[in-house]
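To keep things clear, I will list the structure first and then write my remarks on it.
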Amino acid sequence: MSSELDLLRSLDDEPDTPSTVDIRRAIATARRRRVRRSVGYAGAAVVTAVSVAGASIATGVFGGGPLTPAAIAPASGAPAASAAPAASAAPPGSAAPASAWAPASCTLERLPAPDKAPMAIIGGIDPTGRYLVGRSYPKGGGYQAVLWHDGKPTKVNMPGDLEEDLRAVNSSGIAVGFSYDSGGSVPYAYSNGDLTRLPGVQHGDAYALNDNGEIIGSNADDKPIVWKSLTDAPAKLPLPAGTKQAAASDIDEDGTIVGSIDYRIPYVWLPDGTHHALPMPEVDGKPVAVAQAHNVSNGWVTGMASVTDHALQGLTKDAADQLRAVRWNLRTGEVDMSTALKRPADDVNPEGWQIGTDQAGHAALVTGKGTVVLPELVPRKPDGVSTIANAISADGRLIAGQSDDRKDVIQPVVWHCK
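Numbered per our numbering, the sequence shown spans residues 280 to 697.
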């Protein structure tokens with residue numbers, strides 16, 4: 280069965296990106312590069328699109344007011360990994376008990392791309408589900424950053440002629456992302472129609488932000504940084520002694536940041552300034568060799584684990600098959616490894632629900648009450664890449680991602696869950 284990870288080494292026609300040992304970014308890069316291989320499109324990617332046949336298509340219900348994220352409760356300390364500094368005092372992040380309600384089904388809706396672009400990808404969602412971000416692939420080639428508001432796309436023009444993307448957006452419609460210039464990636468924020476180059480770095484990237492406007496990213500040395508606002512200079516995140524590499528991948532509403540140290544130790548930076556390793560998952564009573572934290576929401580952290588370090592040598596299919604989906608509860612320190620997901624989760628919501636690829640290769644939503652398979656634009660043999668759920672709203676009622684049409688072209692889609 281094919282996987283997005285199988286593409287990592289063979290597709291090398293996009294701008295240079297960080298090492299593939301950062302699993303989350305490697306998977307995202309592979310998915311973007313797959314676009315180029317899909318349908319030979321004027322030198323740009325061809326993502327998979329959607330034909331309505333065989334899928335349950337919603338008419339689009341984007342109304343409704345903002346959601347209130349679940350309250351952050353006091354938390355107890357999570358154990359530190361032996362390879363990292365000792366755990367600090369109790370983490371403030373909360374992992375609230377599961378909701379009594381969970382979706383039983385989801386319907387699919389294809390969204391428009393600006394200028395009728397042949398394909399587009401949605402990669403980020405705000406907590407309310409009203410704002411989405413990603414990029415399209417215009418008919419003439421190249422890339423176009425896009426923000427969708429209540430289902431309607433707006434082009435966000437970014438400098439540079441190489442690659443660009445919006446990665447994340449908050450409930451105020453502030454979006455962050457990057458654009459390449461001749462020297463590398465440059466971090467940007469988009470707010471109220473204005474594009475702002477984030478201050479304090481010549482080159483770098485912006486990965487995520489919360490509703491307080493705190494943004495996490497990296498500098499030119501690929502070290503994790505945080506901007507407290509669009510105008511503040513970035514601060515470097517503190518690292519344990521001896522760290523050679525570090526990455527911040529997501530930020531919670533209370534300011535909790537998650538990522539990894541040296542590509543192999545899951546790590547958390549807390550709002551009170553303390554920081555420590557997350558406990559390493561265990562398989563057959565033994566700690567795994569590698570783990571990374573990718574997403575955080577209301578104290579639920581999702582990421583990956585591997586029983587060997589083969590993934591650090593390159594994400595071949597064999598290495599990909601060893602990846603496990605992991606979820607940490609910052610309140611209790613509990614760690615669980617999902618048997619419902621074949622690969623690490625792509626996102627998590629405040630209830631701890633995860634979206635990703637199930638064991639059969641379908642895009643799926645995993646809740647405390649079971650697994651909901653997400654419909655495709657065109658039914659086909661599941662392969663883990665033809666339909667991908669990338670982001671989930673706070674209440675779990677809206678999921679955003681991409682699905683292939685009859686011509687194997689990627690289209691932007693959302694799922695309405697009830």
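Glycine included, every Cβ here is placed at the ideal spot set by N, Cα and C. Fair warning: this is a prediction, and the values are worked out from it, not measured in the lab.
Euclidean distance between Cα positions of residue i and residue j
{"i": "R543", "j": "S585", "result": "9 Å"}
{"i": "V652", "j": "D500", "result": "40 Å"}
{"i": "D394", "j": "V425", "result": "11 Å"}
{"i": "F341", "j": "T587", "result": "For F341, the pLDDT reaches just 34, beneath the cut-off of 50, and the residue's location in the model is therefore unreliable, leaving the point undetermined."}
{"i": "L509", "j": "G492", "result": "7 Å"}
{"i": "Y467", "j": "W380", "result": "38 Å"}
{"i": "S464", "j": "G496", "result": "11 Å"}
{"i": "A350", "j": "I494", "result": "Residue placement at A350 is poorly supported in this model, since its pLDDT is 28, which falls under 50; the coordinates are not used for a value here."}
{"i": "V567", "j": "D662", "result": "26 Å"}
{"i": "G578", "j": "R610", "result": "7 Å"}
{"i": "A643", "j": "I401", "result": "16 Å"}
{"i": "G479", "j": "K515", "result": "11 Å"}
{"i": "R313", "j": "M437", "result": "Below a pLDDT of 50, predicted positions are generally treated as unreliable, and R313, at 48, falls in that range; the measurement from the model is reported next regardless. Roughly 23 Å between the two C-alpha positions."}
{"i": "Q690", "j": "Y410", "result": "17 Å"}
{"i": "K418", "j": "G564", "result": "53 Å"}
{"i": "L518", "j": "S384", "result": "43 Å"}
{"i": "V569", "j": "A604", "result": "12 Å"}
{"i": "T553", "j": "K434", "result": "39 Å"}
{"i": "L656", "j": "P623", "result": "23 Å"}
{"i": "L477", "j": "I634", "result": "30 Å"}
{"i": "D626", "j": "G413", "result": "15 Å"}
{"i": "N574", "j": "I404", "result": "13 Å"}
{"i": "I504", "j": "L474", "result": "20 Å"}
{"i": "W694", "j": "Y422", "result": "24 Å"}
{"i": "M616", "j": "H428", "result": "35 Å"}
Member of the options whose CA lies at the smallest distance from the CA of residue i
{"i": "W506", "options": "D529, N608, Q524 and K523", "result": "D529"}
{"i": "Q601", "options": "P661, E613 and T618", "result": "T618"}
{"i": "D637", "options": "E630, G631 and V645", "result": "V645"}
{"i": "I540", "options": "G552, A526 and A670", "result": "A526"}
{"i": "V692", "options": "K686, T666 and R685", "result": "T666"}
{"i": "A546", "options": "N608, N498 and L390", "result": "A small fix is needed here, since residue 546 is Tyr in this sequence, not Ala. Ranking the options by Cα distance to Y546, first place goes to N608."}
{"i": "S672", "options": "L441, P406 and A604", "result": "P406"}
{"i": "L677", "options": "D683, K686, C696 and I689", "result": "C696"}
{"i": "P550", "options": "L557, E561 and V537", "result": "V537"}
{"i": "N449", "options": "G680, D625 and D531", "result": "D531"}
{"i": "L441", "options": "A454, S461 and K434", "result": "S461"}
{"i": "K648", "options": "P658, W632, P654 and R659", "result": "W632"}
{"i": "V562", "options": "M583, N574 and W548", "result": "M583"}
{"i": "L488", "options": "T522, H589 and I453", "result": "I453"}
{"i": "G534", "options": "D511, D429 and S576", "result": "S576"}
{"i": "E613", "options": "L557, D473, A668 and M398", "result": "L557"}
{"i": "N498", "options": "D490, Q524, W694 and D473", "result": "Q524"}
{"i": "E388", "options": "S682, P513 and V688", "result": "S682"}
{"i": "G680", "options": "V664, L474 and A572", "result": "V664"}
Anticipated Cβ contact below 8 Å, residue i with residue j, distance rounded
{"i": "R446", "j": "A485", "result": "7 Å"}
{"i": "Y459", "j": "G439", "result": "5 Å"}
{"i": "P391", "j": "P432", "result": "6 Å"}
Opening and closing residue of the beta strand (DSSP E) in which residue i lies
{"i": "K418", "result": "Neither: K418 is in no beta strand (DSSP E) and is coded neither H nor E."}
{"i": "N608", "result": "L602 to N608"}
{"i": "G582", "result": "W579 to S585"}
{"i": "W548", "result": "I544 to W548"}
{"i": "A525", "result": "A525 to I530"}
{"i": "K493", "result": "Checking the sequence, you will find Glu at residue 493 rather than Lys. That residue, E493, is in no beta strand (DSSP E); it is neither H nor E in DSSP."}
{"i": "G649", "result": "G649 to V652"}
{"i": "K434", "result": "K431 to V435"}
{"i": "S576", "result": "V569 to S576"}
{"i": "Q423", "result": "Q423 to H428"}
{"i": "M398", "result": "M398 to I404"}
{"i": "Q633", "result": "Q633 to T636"}
{"i": "W694", "result": "I689 to C696"}
{"i": "M616", "result": "V614 to S617"}
{"i": "H554", "result": "H554 to A556"}
{"i": "Q681", "result": "L677 to D683"}
Heavy atom of the ligand PLP within 7 Å of residue i beta-carbon
{"i": "L620", "result": "Ligands in the displayed structure: none, and consequently the ligand PLP is not present."}
Those residues which DSSP pairs with residue i across a bridge
{"i": "K515", "result": "I504"}
{"i": "D460", "result": "G463"}
{"i": "Y469", "result": "A454 and L474"}
{"i": "E443", "result": "S458"}
{"i": "P566", "result": "E561"}
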